[in-house]
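Take the sequence shown: its letters are residues -19 to -1, 1 to 107, numbered as in mature numbering (1 follows the signal peptide of the UniProt record, and there is no 0).
Every residue, glycine too, gets a C-beta built ideally from N, C-alpha and C.
Take a look at the structure below.
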Amino acid sequence: MNSLLKITVLSLVLTMSEALYPKSHVTIADTINGNPITAHCYSVDDDLGTHQLFFQQQFSWTFRYKLIGETRFYCDINTQFGQGKFRVYDNDKLVNQCGLNCVWQVQPNGPCLQLKQGGQSCEPWQ
């Protein structure tokens, strides 16, 4: 196989991969005016570390959406108003609510997911 054909095939495979496995985005935003919050986010495969967020700061990450298998991310969130472990991304359930861009606003009553059709879905502190 000549080099030009190999490059063409590789380029086609990479382009198809981008279309089949689009990027997903998750954002945790502190909307609480006061003490900073901490968010430790992770999945089975990745530990994204603990992040301290002050008012109007955010932490985001990007990854590939899986057509086969499950992708789930959790965050342990601590605030002056409460704390809890929250599922912030699930390609089986939450992706239907937020699409491929899941934005969570941490509020005094708990974290709230911004819905793709508008509005919010809030979780209470645990």
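Using a Cβ-Cβ cutoff of less than 6 Å, which residues in the same chain neighbour residue i once the five nearest sequence positions on both sides are dropped?
{"i": "residue 21", "result": "31, 57"}
{"i": "residue 107", "result": "65"}
{"i": "residue 52", "result": "72"}
{"i": "residue 97", "result": "79, 80"}
{"i": "residue 10", "result": "39, 86"}
Please report how far the alpha carbon of residue i lies from the alpha carbon of residue j, in whole angstroms.
{"i": "residue 25", "j": "residue 91", "result": "24 Å"}
{"i": "residue 100", "j": "residue 42", "result": "22 Å"}
{"i": "residue 16", "j": "residue 46", "result": "34 Å"}
{"i": "residue -5", "j": "residue 60", "result": "Confidence in residue -5 is poor, its pLDDT being 47 and thus under 50, which makes the residue's placement unreliable; the coordinate value appears in the next sentence. Whole-angstrom Cα-Cα distance: 42 Å."}
{"i": "residue 33", "j": "residue 19", "result": "4 Å"}
{"i": "residue 74", "j": "residue -18", "result": "46 Å"}
{"i": "residue 38", "j": "residue 95", "result": "16 Å"}
List the DSSP bridge partners of residue i.
{"i": "residue 59", "result": "19, 64"}
{"i": "residue 9", "result": "40, 85"}
{"i": "residue 101", "result": "95"}
Nearest by alpha-carbon distance to residue i: which of the options is it?
{"i": "residue 40", "options": "80, 74, 50, 86", "result": "86"}
{"i": "residue 54", "options": "12, 79, 28, 38", "result": "28"}
{"i": "residue 44", "options": "75, 33, 4", "result": "4"}
{"i": "residue 70", "options": "12, 23, 38", "result": "23"}
Closer than 7 Å by C-beta to residue i: which residues in its own chain qualify, once you throw out the five before and the five after it? Chain order, please.
{"i": "residue 14", "result": "36"}
One question on the structure: do residue i and residue j come within less than 8 Å of each other, judged by their Cβ atoms?
{"i": "residue 77", "j": "residue 6", "result": "no"}
{"i": "residue 79", "j": "residue 93", "result": "no"}
{"i": "residue 67", "j": "residue 89", "result": "no"}
{"i": "residue 84", "j": "residue 8", "result": "yes"}
Measuring only between beta-carbons, confirm whether residue i sits less than 8 Å from chain B.
{"i": "residue 67", "result": "No chain B appears in the structure shown, which is made up of a single protein chain."}
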